[in-house]
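As structure tokens, the structure follows; a few thoughts come after it.
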Amino acid sequence: AGAGIAEKRWTKKRKKIIIDSRVKTTNMLLKKVNELKIDLKGFISASGVGYYGALTTEEIFKETAKPGSDFLADVCQKWEQAAQQFSTKNTAVTIVRTGIVLAPKGGALEKMKTPIIVPLGSGEQHLPWIHIDDLCHIYLKIIGDNLTGVFNAVSPEHHTNKTFSKVLAKSLKRPYIGIGIPRIALKVLFGKLAVLLLEGSRISSKKIEKNGYSFRFKTLAKALNNL
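Pasting the structure below:
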């Protein structure tokens with residue numbers, strides 16, 4: 040975990056807080072493990088799909104893809120590098136790159152539940168999502184099967200911001216207007232943070248599925264109706 044990515048504008052000070060709350064916390068944990076001489080069987084660290092960069096493209100990013108070059112990619116790389124310090128001959132490290140988590144309370148979904156549902160910007164940016172139950176069960180799968188390496192934690196059903204908004208509006212029984220909020224307006228409101236809203240990549244879930252995980256909420260409609 041760490042300081043919320045989307046809670047405040049990305050000032051220089053806020054960016055440092057976002058990075059330090061992840062990297063320094065991981066480093067502190069490593070220090071304590073070494074001081075107490077704890078023999079870890081494995082170490083699992085969260086990360087984000089922001090690792091691949093905020094890119095609106097038709098490429099589907101697998102775990103082997105190169106990292107992006109923007110701020111969020113930098114955050115994820117530094118976080119993962121900190122986690123890899125736990126790797127020894129006896130301790131394997133697992134990284135879980137997570138998409139937007141849909142949960143019944145709080146989080147991104149709560150902010151999306153506006154009286155009128157509209158896309159953001161062009162609406163063509165991809166929105167990799169996952170139901171919180173699936174995220175929890177992926178962690179249980181990793182622990183139970185001793186899976187190591189890097190895994191994307193996203194639903195297999197891909198959506199753009201526009202198609203996501205349509206499904207959300209239908210689930211909430213609220214009006215949907217297809218005219219998106221202009222990019223310039225979002226940039227004025229949110230500053231550099233607006234990239235979170237205006238760009239998004241397609242992320243592959245195939246690796247965790249090939250390792251035996253079966254998603255409980257494969258479709259967005261089913262996930263939203265459960266929440």
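Per the working numbering, the very first residue in the sequence shown carries number 40; after that it's consecutive. Glycine included, every Cβ here is placed at the ideal spot set by N, Cα and C.
Please classify Q164: is it buried, with 16 or more other beta-carbons within 10 angstroms of its beta-carbon, or exposed?
Per the 10 Å Cβ criterion, buried.
Three-state secondary structure (DSSP) of H197:
Of the three classes helix, strand and coil, the one that applies to H197 here is coil, per DSSP.
For I58, three-class secondary structure by DSSP
It is helical.
State buried or exposed for S253, treating a residue as buried only when at least 16 other CB atoms are found within 10 Å of its CB.
That one is exposed.
Between the beta-carbon of V132 and the beta-carbon of A85, is there less than 8 Å?
The answer is no: Cβ separation not under 8 Å.
Mark A233 as exposed unless 16 or more other C-beta atoms lie within 10 angstroms of its C-beta, in which case mark it buried.
When all chains shown are included, A233 counts as buried.
Pick out the complete beta strand (DSSP E) segments inside the region 68-115, 3 residues or longer, and give them in chain order.
Within the region 68-115, the runs of beta strand (DSSP E) that reach at least 3 residues and sit entirely inside it are, in chain order, 81-87.
Select from P143, G81 and P167 the residue whose C-alpha is nearest the C-alpha of S244.
Its Cα nearest to that of S244, the residue P167 stands out among P143, G81 and P167.
Ends of the beta strand (DSSP E) at V140?
Where V140 is concerned, the enclosing beta strand (DSSP E) stretches over I139 to L141.
Taking the beta strand (DSSP E) that I171 belongs to, which residues open and close that run?
Premise fails: I171 lies in the alpha helix (DSSP H), I171 to D184, not in any beta strand (DSSP E).
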